[in-house]
Amino acid sequence: MKTIGVLTSGGDAPGMNAAIRAVVRTACQSGLNVFGIKRGYDGLINNDMQMMDLRSVSDIIDRGGTILFSARSEEFRTQAGIQKAIDVCRMRGIEGLVVIGGDGSFRGAKELSEQAGDIRFIGIPGTIDNDIPCCDYTIGYDTCMNTIMEMVDRIRDTSESHGRCFVVEAMGRYAGHLALNAGISVGATCILVPEVPYDFEEDVIKRLKRFLATGKQHFIIMVAEGVWHVNGSDPKGSCTQMAKEIERLTGIESRAVILGHVQRGGSPTVRDRVIASRMGYMAVNLLMQGQGNRIVAMQNEKLLHFDMHEAAKMTKGLDRELYDVAHIISI
Ligand code: ATP
1 MKTIGVLTSG
11 GDAPGMNAAI
21 RAVVRTACQS
31 GLNVFGIKRG
41 YDGLINNDMQ
51 MMDLRSVSDI
61 IDRGGTILFS
71 ARSEEFRTQA
81 GIQKAIDVCR
91 MRGIEGLVVI
101 GGDGSFRGAK
111 ELSEQAGDIR
121 FIGIPGTIDN
131 DIPCCDYTIG
141 YDTCMNTIME
151 MVDRIRDTSE
161 SHGRCFVVEA
171 MGRYAGHLAL
181 NAGISVGATC
191 ILVPEVPYDF
201 EEDVIKRLKR
211 FLATGKQHFI
221 IMVAEGVWHV
231 NGSDPKGSCT
241 QMAKEIERLT
251 GIESRAVILG
261 HVQRGGSPTV
271 RDRVIASRMG
281 YMAVNLLMQG
291 QGNRIVAMQN
301 EKLLHFDMHE
311 AAKMTKGLDR
321 ELYDVAHIIS
331 I
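For the sequence shown, the numbering used here assigns the number 1 to the initial residue and increments by one for each residue that follows.
Below is the structure:
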């Protein structure tokens with residue numbers, strides 16, 4: 001193998017730059033050519049890439065986002081789009097791809113690899129949502145949890161001063177990992193996640209009233225955005241509606257805060273930088289060993305790698321024990 005490419009795809013996540021840096025530097029020091037492909041699969045299809053060297057990844061380890069830019073490519077979902085990408089790989093001599101992204105990005109890489117036959121890929125899990133089944137941890141998750149904690153700490157200050165209830169929505173797509181962990185870190189009164197059904201009257205309203213009766217005067221309700229997608233969960237449908245309903249039923253002045261895209265940005269934490277660096281190093285080494293179609297994954301603090309098909313069969317749930325702990329101590 002002489003030439004590889006690296007791209008970031010799907011939602012951006014803090015720490016992706018650290019992974020790109022590790023991929024480029026490991027490749028350069030191993031005598032490989034490495035192309036930095038812009039805007040995910042769109043850049044591959046459109047031959048939008050540049051040769052990287054040791055210095056082209058200087059001063060990026062502390063930066064959020066991705067210097068290669070990211071995209072969701074509709075064209076790459078078609079056979080014709082994948083064929084265009086394969087043709088570009090052949091023209092550029094790219095025999096291996098490092099794909100930094102989520103599950104969808106790995107599915108795309110698998111399609112390309114299977115259609116091409118001779119182009120291998122290694123996936124590096126990069127998403128704030130921590131929703132990739134074979135991994136305990138994904139790049140960007142730690143930074144995002146810390147960002148949510150910092151934002152909600154600020155909200156707590158005003159919540160306390162005015163004796164208000166804040167309904168705070170965290171990202172996470174269909175997973176509640178961000179809301180659960182960040183919720184515990186800010187002492188949220190209720191944590192609502194898509195994985196655990198709840199009854200609004202019983203688990204929110206009555207809980208708030210009980211706590212009011214014991215003298216508690218301000219409240220944080222942490223809601224994972226995925227809650228609104230789960231059929232039959234809360235009928236309120238949005239943070240704003242839930243806050244109104246809480247105010248109506250409890251008399252506590254309530255406000256809604258949707259944290260939004262602030263959660264995606266920021267300088268990555270130590271954990272994100274270090275793990276992303278290790279993953280980038282491992283990905284290039286796997287390609288050099290002749291391996292392909294594997295996903296690099298952290299499990300129980302160990303860096304492993306799984307075959308793409310094996311990884312696709314894995315499932316991952318919410319840490320139910322942690323959820324139960326949160327319920328007990330947030331009182
Ligand atoms: P995130 O978790 O941040 O959303 P993701 O990688 O799961 O990241 P997706 O939007 O699901 O994000 O996928 C990223 C891109 O991967 C898509 O825009 C598409 O180009 C490609 N892709 C996803 N699934 C497939 C597929 N089955 N075939 C071909 N390409 C795919």
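Yeah, the Cβ is synthetic: ideal placement off N, Cα and C, and Gly gets one too.
Limits of the beta strand (DSSP E) - the one that residue i falls within
i           : result
residue 212 : Looking at the DSSP string, residue 212 is not in any beta strand (DSSP E); the run it does join, the alpha helix (DSSP H), is 206-213.
residue 224 : 219-224
residue 4   : 3-8
residue 169 : 165-170
residue 37  : 33-37
residue 192 : 190-192
Limits of the alpha helix (DSSP H) - the one that residue i falls within
i           : result
residue 309 : 308-313
residue 99  : Counting along the chain, residue 99 falls outside any alpha helix (DSSP H), though it belongs to the beta strand (DSSP E) covering 96-101.
residue 201 : Unbroken run through residue 201: none, as it is neither H nor E.
residue 321 : 320-329
residue 81  : 79-92
Nearest-angstrom Cβ-Cβ length linking residue i and residue j, presumed shorter than 8 Å
i           : j           : result
residue 322 : residue 195 : Not quite, the Cβ-Cβ distance comes to about 11 Å (not below 8 Å), so this is no contact.
residue 293 : residue 113 : 6 Å
residue 158 : residue 209 : Not quite, the Cβ-Cβ distance comes to about 22 Å (not below 8 Å), so this is no contact.
residue 335 : residue 220 : In this structure the chain extends from 1 to 331, so residue 335 is not present and cannot be described.
residue 54  : residue 25  : 6 Å
residue 269 : residue 143 : 5 Å
residue 257 : residue 200 : So it is not a contact: roughly 19 Å between Cβ atoms.
residue 276 : residue 15  : 4 Å
residue 222 : residue 266 : Not quite, the Cβ-Cβ distance comes to about 19 Å (not below 8 Å), so this is no contact.
residue 101 : residue 9   : 4 Å
residue 61  : residue 27  : In fact, because the Cβ distance is near 16 Å, the residues do not count as touching under 8 Å.
residue 264 : residue 67  : Contact flag wrong, Cβ pair sits at about 15 Å.
residue 308 : residue 295 : 6 Å
residue 132 : residue 86  : Contact doesn't hold; Cβ gap of about 25 Å is too wide.
residue 224 : residue 192 : 7 Å
residue 311 : residue 134 : 4 Å
residue 99  : residue 123 : 5 Å
residue 81  : residue 45  : 6 Å
residue 303 : residue 278 : 6 Å
Beta-bridge partners of residue i, as assigned by DSSP
i           : result
residue 125 : 101
residue 173 : The partner list for residue 173 (beta bridge, DSSP) is empty, contrary to what the question assumes.
residue 21  : None; residue 21 has no bridge partner.
residue 120 : 96
Any C-beta of chain D under 8 Å from that of residue i
i          : result
residue 36 : No chain D appears in the structure shown, which is made up of a single protein chain.
Residue ranges of each alpha helix (DSSP H) within the segment 129-163, 4 or longer: 141-162
Within 6 Å of ligand 1: residues by beta-carbon to any heavy atom: 9, 10, 11, 41, 72, 73, 76, 77, 101, 102, 103, 104, 105, 107, 108, 111, 127, 129
Uninterrupted beta strand (DSSP E) stretches inside the segment 232-306 (no shorter than 3 residues): 254-258, 294-299
Whole alpha helix (DSSP H) elements within the segment 38-74, 4-residue minimum: 40-45
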